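Have a look at the structure below, then the notes.
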Amino acid sequence: MQTKLTLRLEKSLIDAAKTEADRRGTSLSRLVADFFRSLTAVGGPGESQVLREETGRATDLGVGPRTRRLLGVLREDDVDPEAYRKHLENKHLR
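For the sequence shown, position 75 (counting from the first letter as 1) is numbered 69 according to this note's numbering, and the numbering increases by one without interruption.
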(Lines of atoms letter the chains of each structure in order from A and count residues from 1; the text may use other names and numbers.)
(Lines give C-alpha, C1' and ligand atoms only; values in the text may rest on other atoms or scores of the structure.)
Protein backbone atom coordinates (compact mmCIF):
# COMPACT_ATOMS: atom_id res chain seq x y z
CA MET A 1 0.00 0.00 0.00
CA GLN A 2 1.40 3.37 -0.97
CA THR A 3 1.05 6.40 1.26
CA LYS A 4 1.89 10.03 0.55
CA LEU A 5 4.85 11.56 2.39
CA THR A 6 5.64 15.28 2.49
CA LEU A 7 9.26 16.33 3.05
CA ARG A 8 10.55 19.84 3.55
CA LEU A 9 14.00 20.18 2.00
CA GLU A 10 16.19 22.88 0.50
CA LYS A 11 15.27 23.64 -3.11
CA SER A 12 18.82 22.95 -4.29
CA LEU A 13 18.69 19.47 -2.72
CA ILE A 14 15.35 18.71 -4.38
CA ASP A 15 16.68 19.91 -7.76
CA ALA A 16 19.80 17.76 -7.38
CA ALA A 17 17.69 14.73 -6.45
CA LYS A 18 15.43 15.25 -9.48
CA THR A 19 18.48 15.50 -11.72
CA GLU A 20 19.88 12.27 -10.25
CA ALA A 21 16.56 10.48 -10.72
CA ASP A 22 16.49 11.59 -14.38
CA ARG A 23 20.08 10.45 -14.84
CA ARG A 24 19.18 7.02 -13.45
CA GLY A 25 16.01 6.81 -15.53
CA THR A 26 13.72 6.55 -12.52
CA SER A 27 11.25 8.69 -10.61
CA LEU A 28 12.11 10.77 -7.58
CA SER A 29 9.65 8.70 -5.53
CA ARG A 30 11.39 5.46 -6.51
CA LEU A 31 14.82 6.98 -5.79
CA VAL A 32 13.69 8.00 -2.29
CA ALA A 33 11.98 4.64 -1.69
CA ASP A 34 15.15 2.77 -2.73
CA PHE A 35 17.16 4.95 -0.36
CA PHE A 36 14.77 4.27 2.53
CA ARG A 37 14.92 0.54 1.77
CA SER A 38 18.70 0.63 1.82
CA LEU A 39 18.59 2.29 5.25
CA THR A 40 16.26 -0.31 6.74
CA ALA A 41 17.56 -3.42 4.95
CA VAL A 42 20.03 -5.60 6.81
CA GLY A 43 21.19 -8.90 5.32
CA GLY A 44 20.75 -12.20 7.08
CA PRO A 45 18.23 -13.22 9.73
CA GLY A 46 17.47 -9.66 10.84
CA GLU A 47 16.62 -8.56 7.30
CA SER A 48 14.13 -5.75 6.81
CA GLN A 49 10.51 -6.93 6.82
CA VAL A 50 9.74 -4.38 4.10
CA LEU A 51 12.03 -6.11 1.61
CA ARG A 52 10.92 -9.58 2.67
CA GLU A 53 7.27 -8.64 1.98
CA GLU A 54 8.22 -7.10 -1.34
CA THR A 55 10.05 -10.16 -2.68
CA GLY A 56 8.25 -12.89 -0.74
CA ARG A 57 11.50 -14.37 0.50
CA ALA A 58 14.66 -13.60 2.41
CA THR A 59 17.31 -12.10 0.13
CA ASP A 60 20.98 -11.22 0.11
CA LEU A 61 21.09 -7.44 0.28
CA GLY A 62 24.68 -6.99 -0.78
CA VAL A 63 23.42 -5.39 -4.01
CA GLY A 64 22.31 -1.95 -5.10
CA PRO A 65 18.72 -0.82 -5.60
CA ARG A 66 18.65 -1.44 -9.36
CA THR A 67 19.80 -5.02 -8.91
CA ARG A 68 17.48 -5.50 -5.97
CA ARG A 69 14.50 -4.52 -8.16
CA LEU A 70 15.30 -7.54 -10.34
CA LEU A 71 14.77 -9.96 -7.46
CA GLY A 72 11.88 -12.27 -8.19
CA VAL A 73 11.78 -11.49 -11.94
CA LEU A 74 12.67 -15.11 -12.71
CA ARG A 75 11.19 -17.97 -10.77
CA GLU A 76 13.88 -20.33 -9.53
CA ASP A 77 12.38 -23.18 -11.56
CA ASP A 78 12.82 -21.08 -14.75
CA VAL A 79 16.59 -21.57 -14.55
CA ASP A 80 17.93 -24.95 -15.68
CA PRO A 81 21.36 -25.35 -14.01
CA GLU A 82 22.55 -27.85 -16.62
CA ALA A 83 21.58 -25.60 -19.54
CA TYR A 84 23.33 -22.67 -17.86
CA ARG A 85 26.47 -24.78 -17.29
CA LYS A 86 26.49 -25.74 -21.00
CA HIS A 87 26.02 -22.10 -21.97
CA LEU A 88 29.04 -21.10 -19.87
CA GLU A 89 31.15 -23.92 -21.34
CA ASN A 90 30.28 -22.84 -24.88
CA LYS A 91 30.94 -19.21 -24.11
CA HIS A 92 34.26 -19.59 -22.30
CA LEU A 93 35.80 -22.87 -23.42
CA ARG A 94 35.23 -22.86 -27.19
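Yeah, the Cβ is synthetic: ideal placement off N, Cα and C, and Gly gets one too.
This structure is a prediction, so every number in the text was calculated from the model and none was measured.
Distance between residue j and residue i (C-alpha atoms, nearest Å)
i	j	result
S32	E14	17 Å
P75	H81	10 Å
D54	R63	Confidence at D54 is low in this model, with a pLDDT of 49, below 50, so the placement of that residue is unreliable and no value is reported for it.
E77	D16	Looking at the sequence itself, residue 77 is Ala, so the reference to Glu does not match. When rounded, the distance between both Cα atoms is 38 Å.
S6	R88	54 Å
Given residue i as reference, the closest of the options once Cα atoms are compared
i	options	result
D9	L(-1), K(-2) and S21	S21
T34	P59, K80 and D16	P59
A27	L3, S6 and T(-3)	T(-3)
Cβ pair residue i, residue j closer than 8 Å
i	j	result
A11	L(-1)	no
Reduced DSSP category for residue i - H, G, I as helix; E, B as strand; rest coil
i	result
R24	helix
Contact test: residue i Cβ vs the ligand SAH heavy atom, cutoff 7 Å
i	result
A27	With respect to the ligand SAH, the structure offers nothing, as it holds no ligand at all.
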